[in-house]
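Residue numbers (my numbering): 436 to 1003.
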Amino acid sequence: MFTPEALAALTVSGATERWNAVQERLQPVLAGFAARFSAEASRRFPRIWSLYEISYRTQRYVNRGRGMRDPIDDYYLVIDRPPRGAGVYLAVSGAERLILVALQVARRRKEDLARVWEESRALWLPLVERIREVRFVDRDRATEPSTLWLDRYLANRAAASLLAGFAYRWDDPQVFQPAFIERLIEDALALLPLNEALMERAEARDPTGAAWLREQRVAYLTAEEPPIEVIIERIRARGLTLSEQIIRAYHVALHTRPLVILPGISGTGKTRLTRLYADALLGERLAPGQENERYLLVAVQPDWHSPHDLLGYYNAITGKYHPTPFLRFLQRAAADPTARYFVCLDEMNLARPEYYLAPILSAMETDDRLIDLGAPGPTVETVTSEVLTNPFRLPPNVVIIGTVNVDESAHALSDKLLDRANVIELTDVDLEGFRVAYPGTIDDSVWSVIVQVHGIVARAGQPFGYRTLNEMLRYIEQSQGVLAPRQALDFQIKQKVLPKLRGDDTPRLRRALTELLELLLGAPQSVWKRAAQVAPEAIAAAPFPESAEKVRRMLERLDVDGFTDFYG
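Below, the structure is given as structure tokens:
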């Protein structure tokens, strides 16, 4: 049961100290709730409970975007199932001093909730009227306050996510009674059927594409692959600026291991390389605008924490399997064993790859390459009346490539994953190669400044990639007749380059800001001494006044606070 000491864990100072206190004092309480809730849910809802999973918060700190790690304000568990987008939460909030049991609905499930409410209003009305804790963006002042909260939410276009349920204050005497856990279990059990109705509605309108699962006749004439020189030529012809060495290394890695990881800064062409390489193998057999059926791009979602999110899942109620596009793609590859198929897991570390890739990684290491689909029999029928074998065999002609952005929004890659992959880092930016391949005209004076700026921020560990280069040049082109080229470049340095510079006072960051200010002011540091001493007249007379003033303020804040960023 809850105790004052358990709740006080969310008031401990320090990010690490608070997380450790939560794991020691509060986590056992939520784990006890989860065990008792699971037993009761299994008894009351035996047909659906096997579909559900219980997971806990894993982020140990709050990133405020200032290079600082603040302690977590709340700790929670979530009860949900594929296709997700809604779930039942038990949350303990230290900021609000509340314990909440609530149904959380994401924007993508708002339409499903509207249909469920429209079709079965009488069924859900007692629950909706009982709910008192409701949170969503409510900017529609025209709606009558007496209108039911669910009607207000569904009618409000500005309202995205919804949180609705029951809240209890920490100082409520019942919180510390043994019976309080039973109260929370009953609240969660009351919300679970509504969540299930949303999931069933989402399943009913999910496009399945039955043709993907049929063994279709291969449309290609041969599975022979062109020489590497031809592949490089075809990739270069599509405008991708990467060194020949990188493409050759990628080519060899694809032939060595079925898993390749491409880390690097944003905008260096990681995802584009995976597509253009797959297209280059087909050459003229792939008509302009034609979709490459041997290539699949999968956008990894931050809430993936189970293989079901990648492979699909078995619905024990209907006895049918709900496949994902990834599983359909594997089935297609199995029907065409002489050709190679490529899957790109874009931004694969937004979620933890070790969780959602677990059966794939295991299959890669075994001779039989079998993947258990979680169905009870040796075969299982899909929702489109196709039949899958269970376990399913991972086709040996499938290569998985994961792109990785290394920033505060992503998870670090574990040794388990790295041991099974070839890692090819894409961080170098070939400026001259990009200029040669760029289709438009580039002013020499503009390009010279861009090269200097890139060199400065690259030495600070924040180089910008081809995407940023392309967008800066397009901005300057579009500014003709509106802004002078130098003024447009000034805005682009401020808008595209400077926001990424942030951190504590280190020699590398200080050197970068100082060199940038020298370049943007058109004067060495020996003239202006310190950032705080730069006169407004000097800024007004600078070649790039907008960017110069922003860098001056950033450098001045670094002098005063020992930390700086674009927004301070």
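Idealized CB from N, CA, C, for every residue including glycine.
All of these numbers come straight from a predicted model, not from anything done at the bench.
| Asked | Found |
| --- | --- |
| Whole-Å CB distance - P758 paired with T801, under 8 angstroms assumed | With a Cβ gap of about 22 angstroms, P758 and T801 do not count as contacting. |
| With 16 other Cβ atoms within 10 Å as the buried cut-off, status of R565 | exposed |
| Alpha-carbon spacing of V610 relative to R763, whole angstroms | 49 angstroms |
| Whole-number beta carbon distance between A947 and A895, since they are thought to touch under 8 angstroms | 3 angstroms |
| From M783, N784, E789, L732, residue whose alpha carbon lies closest to that of L765 | L732 |
| Span separating the alpha-carbon of A521 from that of V551 | 13 angstroms |
| Contact check, F827 vs L796, beta carbons under 9 angstroms | no |
| Cβ-based neighbour list, W584, same chain, cut-off 7 angstroms, excluding 5 preceding and 5 following | V569 |
| Sub-9 angstroms separation of A623 and V536 beta-carbons | yes |
| For A625 and L562, the rounded distance between their alpha carbons | 7 angstroms |
| Buried or exposed (CB count within 10 angstroms, at least 16 for buried), V864 | buried |
| Inter-residue Cα distance where the pair is Q651 and A770 | Low per-residue confidence applies at Q651: pLDDT is 35, beneath 50, and the placement is therefore not dependable, though the value from the model is reported in the following sentence. The alpha-carbon atoms of Q651 and A770 are separated by roughly 7 angstroms. |
| In DSSP terms, what S528 is bridged to | D509, L533 |
| G747 versus A983 - alpha carbon distance | 52 angstroms |
| Any beta strand (DSSP E) of 3 or more consecutive residues that is wholly inside the region 699–724 | none |
| Distance, R453 Cα to R744 Cα | For clarity, residue 744 is Asp in the given sequence; the question names Arg instead. If you take the alpha carbons of D744 and R453, they lie about 31 angstroms apart. |
| Distance, F869 Cα to T676 Cα | 6 angstroms |
| Unbroken beta strand (DSSP E) run spanning K851, endpoints | Note, K851: premise wrong, no beta strand (DSSP E); alpha helix (DSSP H) at 850–853. |
| Straight-line Cα distance separating R729 from Y776 | 5 angstroms |
| Residues near A793 by beta carbon distance below 7 angstroms, same chain, minus five either side | P742 |
| Proximity winner among G600, P608, R542, relative to F593 (alpha-carbon distances) | It should be pointed out that residue 593 corresponds to Ala in this sequence rather than to Phe. Of the listed residues, the one whose Cα sits closest to A593 is R542. |
| Minimum C-alpha distance to A893 - residue among S596, L866, A786 | L866 |
| For D878 and P920, believed in contact at Cβ under 8 angstroms, the rounded distance | 6 angstroms |
| Residue of R482, R479, F437, W484 minimising C-alpha distance to P463 | F437 |
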